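Asker: Under our numbering, the first residue of the sequence shown is numbered 116, with each subsequent residue one higher.
For each residue, glycine too, the CB sits at the ideal point set by N, CA and C.
As the structure is a prediction and not an experimental result, all values here were calculated from the model.
So that we are looking at the same thing, I have put the structure below in structure tokens.
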Amino acid sequence: MRLNASSPWIPLALSGDIPNGTVIPATLCSKPIAIWRSQSGQVNANGNRCPHRGMRLSHGFVRGETLSCIYHGWRFGQDGACQHIPAHPDVVPPASINCGPLQVAEQDGVIWVAEDQVESQPPRLDGLKPLRSLVFCAEPEAILTASGGTEVDLGVEATLAGTRICLLLQGQAPAETLCLVLVDQATSPKACAEISRALEGIRRRAEGETEKRGAA
Numbered sequence: 116m117r118l119n120a121s122s123p124w125i126p127l128a129l130s131g132d133i134p135n136g137t138v139i140p141a142t143l144c145s146k147p148i149a150i151w152r153s154q155s156g157q158v159n160a161n162g163n164r165c166p167h168r169g170m171r172l173s174h175g176f177v178r179g180e181t182l183s184c185i186y187h188g189w190r191f192g193q194d195g196a197c198q199h200i201p202a203h204p205d206v207v208p209p210a211s212i213n214c215g216p217l218q219v220a221e222q223d224g225v226i227w228v229a230e231d232q233v234e235s236q237p238p239r240l241d242g243l244k245p246l247r248s249l250v251f252c253a254e255p256e257a258i259l260t261a262s263g264g265t266e267v268d269l270g271v272e273a274t275l276a277g278t279r280i281c282l283l284l285q286g287q288a289p290a291e292t293l294c295l296v297l298v299d300q301a302t303s304p305k306a307c308a309e310i311s312r313a314l315e316g317i318r319r320r321a322e323g324e325t326e327k328r329g330a331a
């Protein structure tokens, strides 16, 4: 279950999850990827494997407008191409050394990634603002039940602390679901704190339900 399954865009992080100069791991259609933000603020996404020795690029570090592998320092640009090999500084890396760039968009406080190149834009989340992201050790269906919400085009819509919320759910692995939480734009800081506490209750119920299903 995820936001608008007919859309090629998949929500994988909130903007606040990736400050300038950082990289995080993510999962796109069961494939590991790396999402990173350059020092200038540009968000990028690519495969999570360095073409050299297979080290996960999400373990690496951002240097300026490039992402470097932590193992041998191979440096990749926003187009996925290798730009620099520290052990051979005078060598121009061939175009075949590439970590596989992915189409990424940042909109309404959410970072979206598409598996293939598309011309459409991600769905709009008008009237909502990002609150937090968290991972449930639970199936999406269990989260839907535990929230008491309704499955809609925007994922799961529910009411917590008297406020409308939207949960963008993306399965990461068996019994593991990424949940991006958005709330009504006018939600106060106090209500946001109450919603965060209520989400922990939803997490416990969903994980308990998933555990019971697995034991059945």
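#1: Do you know offhand how far Ile310's Cα is from Gly195's?
#2: Would you mind reading off the limits of the beta strand (DSSP E) that contains Ile280?
#3: Drop a sphere of 10 angstroms on the beta-carbon of Glu254, count the other beta-carbons inside from all chains shown, and report buried for 16 or more, exposed for fewer.
#4: Is it buried or exposed for Thr265, if we count other Cβ within 10 angstroms and need 16 for buried?
#5: Could you tell me whether the region 269-284 touches the region 238-246, where touching means 3 or more Cβ pairs closer than 8 Å?
#6: Just to check my reading of the structure: Ile148 and Asn163 have Cβ atoms closer than 8 Å, yes? What is that Cβ distance to the nearest angstrom?
#7: Any idea if Gly333 is buried or exposed, counting beta-carbon neighbours within 10 angstroms, 16 or more meaning buried?
#8: Can you name, in chain order, every residue of its own chain whose Cβ lies under 6 Å from the Cβ of Pro201, other than the five neighbours on each side?
#9: When DSSP builds the beta bridges, which residues end up paired with Cys197?
#10: Name, in chain order, the residues that DSSP records as bridge partners for Gln218.
#11: Can the beta-carbon of Asp223 be found closer than 9 Å to that of Arg247?
#12: How many angstroms separate the CA atom of Gln287 from the CA atom of Ser145?
#13: So, at 8 Å on beta carbons, what are the nonlocal neighbours of His339 in its own chain, with the 5 sequence-adjacent residues on each side left out?
#14: If you drop the 5 nearest sequence neighbours on each side, which residues of the same chain put their C-beta closer than 6 Å to that of Ala261?
#15: Measure the alpha-carbon distance for Asp268 versus Ala210 and round it to whole angstroms.
#16: Give the DSSP bridge partners of Ile133, in chain order.
#17: What is the DSSP secondary structure of Thr325, counted as helix, strand or coil?
#18: Pro123 and Glu221: beta carbons closer than 9 Å?
#19: Tell whether a beta-carbon distance below 9 Å holds between Ile226 and Pro126.
Answerer: For this structure:
#1: 39 Å
#2: Thr278 to Ala288
#3: buried
#4: exposed
#5: yes
#6: 5 Å
#7: Here the chain covers residues 116 to 331 and nothing more, so residue 333 does not appear.
#8: Gly188
#9: Within the DSSP secondary-structure output, Cys197 pairs in a beta bridge with Phe191.
#10: Ala229
#11: no
#12: 7 Å
#13: Only positions 116 to 331 of the chain appear in the structure, and residue 339 is not among them; the question remains open.
#14: Its chain contains Ile317, Arg320 and Ala321 as the residues whose beta carbon lies nearer than 6 Å to that of Ala261, once the 5 sequence neighbours on both sides are disregarded; these appear in chain order.
#15: 40 Å
#16: Answer is none; Ile133 lacks a bridge partner.
#17: Helix at Thr325.
#18: no
#19: yes
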